[in-house]
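The structure under discussion appears below in the form of structure tokens.
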Amino acid sequence: MGKIQSSIKKLWDAFTNEHPEYRDNNIPPSFYFCDNEKDANTCAHLVLKRIKQATATSLWWFETHKESLPEINDLNIVTDWDGNAVAVIKTTQIDLVPFNQVTSEFSKIEGEGDGSLAY
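Residue numbers for the sequence shown follow the numbering used here, beginning at 42 and rising by one.
Spelled out as structure tokens, the structure:
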């Protein structure tokens, strides 16, 4: 087992020890945020600090990559750019919102930059 898979399994095992209701689940998919190392690592850190509690992926991305939209109660493992596991997250809400209707409240819980809509 490689270092990355090892970190994911270790985090999942720790999570399921604290949350035994998930013990029979398969290890959920893992991913990092963004398309570059600096932002991916920053976002992973913000998730760990519970500052980043939302994300905004474009519908275009899901369609282009032929990926299913997330569903309520989905679990995922967030990694840093190098694939090291940092957190288990759970989808609690999904809103399809046109870009020009994203709110400042959402910007705050997305947690990136200065938390403003302008950012």
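Heads up, the beta-carbon is just placed ideally off N, CA and C, and yes, glycines get one too. Bear in mind the structure is a predicted one, so any value in this text is a computation, not a measurement.
Integer-rounded CB distance, given that residue j should sit under 8 Å from residue i
i: residue 111; j: residue 132; result: 5 Å
i: residue 119; j: residue 130; result: 6 Å
i: residue 93; j: residue 146; result: Going by Cβ atoms, the distance from residue 93 to residue 146 rounds to 15 Å, so no, they are not a contact pair.
i: residue 74; j: residue 84; result: 4 Å
Helix, strand or coil at residue i according to DSSP, with G and I counted as helix
i: residue 132; result: coil
i: residue 126; result: strand
i: residue 146; result: helix
i: residue 139; result: coil
i: residue 52; result: helix
i: residue 160; result: coil
i: residue 111; result: coil
i: residue 66; result: coil
i: residue 151; result: helix
Limits of the unbroken beta strand (DSSP E) element including residue i
i: residue 118; result: 116–120
Residues bridged to residue i (per DSSP)
i: residue 71; result: 118
i: residue 97; result: Beta-bridge pairing links residue 97 to no other residue.
Limits of the alpha helix (DSSP H) - the one that residue i falls within
i: residue 88; result: 78–89
With 16 other Cβ atoms within 10 Å as the buried cut-off, status of residue i
i: residue 49; result: buried
i: residue 153; result: buried
i: residue 148; result: buried
i: residue 67; result: exposed
i: residue 158; result: exposed
i: residue 137; result: exposed
i: residue 121; result: buried
i: residue 53; result: buried
i: residue 126; result: buried
i: residue 175; result: The displayed coordinates of the chain run from 42 to 160. Any statement about residue 175 would go beyond what the structure contains.
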